[in-house]
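Residue numbering for the sequence shown follows this note's numbering, beginning at 1104 and increasing consecutively. Okay, so here's the structure we're looking at.
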Amino acid sequence: AHELMVHQQFEAQAVRTPDSTALVFEGQSMTYAALNSKANQLAHYLIAQGVKPDALVGVCLPRSMDMVVTLLAILKAGGAYVPLDPSYPAARLAYMAEDAQLSLILSHTEVVMPTSLSAGQVICTDDAQVMQDIAACGQSVPQVKSLTSAHLAYVIYTSGSTGKPKGVMVEHRTFANFIEAMQVRLEGALSAPNKLLAVTTIAFDIAGLELFGPLSYGGQVVLASKADSAEPGRLSALLEAQDISIMQATPATWSLLLSDGWTGRAKLTALCGGEKLSMTLAKGLVACTGRVWNCYGPTEASVWSMVSEVTPSAVQGEAILLANPLHNYQHYILDTHQQLLPVGSIGVRYLPDGSMEFIGRVDEQVKVRGYRIELGEVEAQLSGIEGIASAVVQVSDKQTHLVGYVMADQAVEDENDWLRTIKSSLQASLPDYMVPSAFVVMTQWPLTPNGKIDRKALAGADVAIMQSQY
1104 AHELMVHQQF EAQAVRTPDS TALVFEGQSM TYAALNSKAN QLAHYLIAQG
1154 VKPDALVGVC LPRSMDMVVT LLAILKAGGA YVPLDPSYPA ARLAYMAEDA
1204 QLSLILSHTE VVMPTSLSAG QVICTDDAQV MQDIAACGQS VPQVKSLTSA
1254 HLAYVIYTSG STGKPKGVMV EHRTFANFIE AMQVRLEGAL SAPNKLLAVT
1304 TIAFDIAGLE LFGPLSYGGQ VVLASKADSA EPGRLSALLE AQDISIMQAT
1354 PATWSLLLSD GWTGRAKLTA LCGGEKLSMT LAKGLVACTG RVWNCYGPTE
1404 ASVWSMVSEV TPSAVQGEAI LLANPLHNYQ HYILDTHQQL LPVGSIGVRY
1454 LPDGSMEFIG RVDEQVKVRG YRIELGEVEA QLSGIEGIAS AVVQVSDKQT
1504 HLVGYVMADQ AVEDENDWLR TIKSSLQASL PDYMVPSAFV VMTQWPLTPN
1554 GKIDRKALAG ADVAIMQSQY
């Protein structure tokens, strides 16, 4: 079992390097000592509000220093944080607050909260009176005697294949094990003098690594604003201006940077996960960064559970594989009856050398004209075709055929001609029923707040091009 919880790792680091910079945001910076005492004050305030172990506290804050202080304070008070992204629709926020039965939500005065929440539920930490009350609290580390590593650290709502978001509960011990395992796997990349550019919304569990990883080991968190993360030009400027050494993002965000003409950073460690890493993107990243890591794992298993380096030789292969479970993680490939599958059978798929090939998600399996199709398998074939930067395959609204959405890695002269080439290339490797009968050329992908490709939003693009079947 892990000895220290994540906030305690941070506290120990603050004792070791009180004057080192812990956090940078839009020209402001905060030392380890300052961040620790600010979080302590808010924690004492929260304890006075009744926060105790396993109490769930909502966090509906814009990206700011206050957001990081707040997450630390909730953990220090013994509570578990529940991220509520202010950009989510009000109905979704209201559902999450109701489902988690949040008695307390921390927010800012400019954030518009759902009207269904009771007035007593929301505390704005930037309200003058509240700020005064927090400032009057002690700066010492709160002693929450009853808190153990089996208590909850956070609850994160994932999209949920049922249509309703579902809350995933993560305990301190698994979260702390994950942070430590990543520091070991990344060979100390979370320590000083390294600087990590944090681009992910806290509503996506991978943000836990971006914030608590460096703060546990003396590194520096450079917090990107929402606008910075969404705009490739601003993101690449920030990487240079802040001399960033490590960044984690989804394939969609990395592709956005590369297609915008970003030339890379020789000493950058690039972590890529949240969606399947295509060979094209892997080659692009390997060519222009220092090191590339392919990360895989469901929220339920505490962020990433397999992290493997994508070496220059790996991009000479057929597909980017998954390998190397983190410390204290084990992986099994099972069938629908939870029985182990032999090498080569599809659950994901084991290869003879023990690595795994990620084919797609079970909830992306579709049936078209009676055939069962793994969309991920068709996407993998598409992404392997030269000239394609990224690809998504969906089933049409009426479930009658497949539609392929493709993005080129450079300007295409004759679109129809290009799509015909793609189609014949697919026909050479896939049975007819798996070949999309319509294609859409994308110049940019619609993204979810988590930075993944928004598959639901693609259906709209579907209708316009149905008349032009290739």
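Virtual Cβ for every residue (Gly too), placed ideally from N, Cα, C. Please read all numbers here as calculations on a predicted model, not as lab measurements.
Are residue i and residue j closer than 8 Å when you measure CB to CB?
i	j	result
residue 1061	residue 1138	The chain is shown from 1104 up to 1573; residue 1061 falls before or after that span and cannot be answered.
residue 1360	residue 1423	no
residue 1128	residue 1341	no
residue 1082	residue 1321	The question about residue 1082 has no answer here: the residues shown for the chain are numbered 1104 through 1573.
residue 1498	residue 1544	no
residue 1561	residue 1515	no
residue 1245	residue 1180	yes
residue 1556	residue 1355	yes
residue 1336	residue 1363	yes
residue 1116	residue 1243	no
residue 1270	residue 1406	no
residue 1172	residue 1207	no
residue 1463	residue 1479	yes
When burial is assigned at 16 or more other CB atoms within 10 Å of the CB, is residue i buried or exposed?
i	result
residue 1465	exposed
residue 1169	buried
residue 1288	buried
residue 1166	buried
residue 1366	exposed
residue 1440	exposed
residue 1296	exposed
residue 1437	exposed
residue 1401	exposed
residue 1265	Any reading at residue 1265 must be qualified, since the residue scores a pLDDT of 49, below 50, and its modelled position is unreliable; no value is offered.
residue 1199	buried
residue 1285	buried
residue 1353	buried
residue 1203	buried
residue 1433	exposed
residue 1532	exposed
residue 1331	buried
Once DSSP output is grouped into helix, strand and coil, what is the label at residue i?
i	result
residue 1399	strand
residue 1387	helix
residue 1435	coil
residue 1315	helix
residue 1272	strand
residue 1173	helix
residue 1420	coil
residue 1354	helix
residue 1253	coil
residue 1197	helix
residue 1161	strand
residue 1368	strand
residue 1394	strand
residue 1191	coil
residue 1128	strand
residue 1277	helix
residue 1545	coil
residue 1223	helix
residue 1467	helix
residue 1282	helix
residue 1482	helix
residue 1475	strand
residue 1510	strand
residue 1309	coil
Would you grab the beta carbon distance between residue i and residue j for me? Rounded to a whole angstrom, and I think it's under 8 Å.
i	j	result
residue 1372	residue 1339	The Cβ separation is near 16 Å, so there is no contact.
residue 1249	residue 1276	Wrong, their Cβ atoms sit about 16 Å apart, outside the cutoff.
residue 1176	residue 1205	The pair is not a contact, with the Cβ atoms about 16 Å apart (cut-off 8 Å).
residue 1273	residue 1257	6 Å
residue 1299	residue 1350	7 Å
residue 1324	residue 1522	Between residue 1522 and residue 1324 the Cβ distance is about 44 Å, and since that is not below 8 Å, they are no contact.
Taking 7 Å as the line, does the beta carbon of residue i fall inside it for any heavy atom of the ligand PLP?
i	result
residue 1185	Although the ligand PLP was asked about, the structure shown includes no ligands whatsoever.
- Touch test, the region 1137-1153 against the region 1274-1294, Cβ-Cβ under 8 Å, three pairs minimum: Segments in contact, no.
- Message: Across the region 1399-1412 and the region 1424-1434, are there enough close Cβ pairs to call them in contact, namely three or more that are closer than 8 Å?
- Response: They touch, by the three-pair rule.
- Can at least three beta-carbon pairs, one atom from the region 1290-1304 and one from the region 1451-1458, be found at a separation below 8 Å? Output reads no: the region 1451-1458 does not touch the region 1290-1304.
- Query: Do the region 1535-1542 and the region 1495-1509 touch if we need at least three Cβ pairs shorter than 8 Å?
  - Reply: Output reads yes: the region 1495-1509 touches the region 1535-1542.
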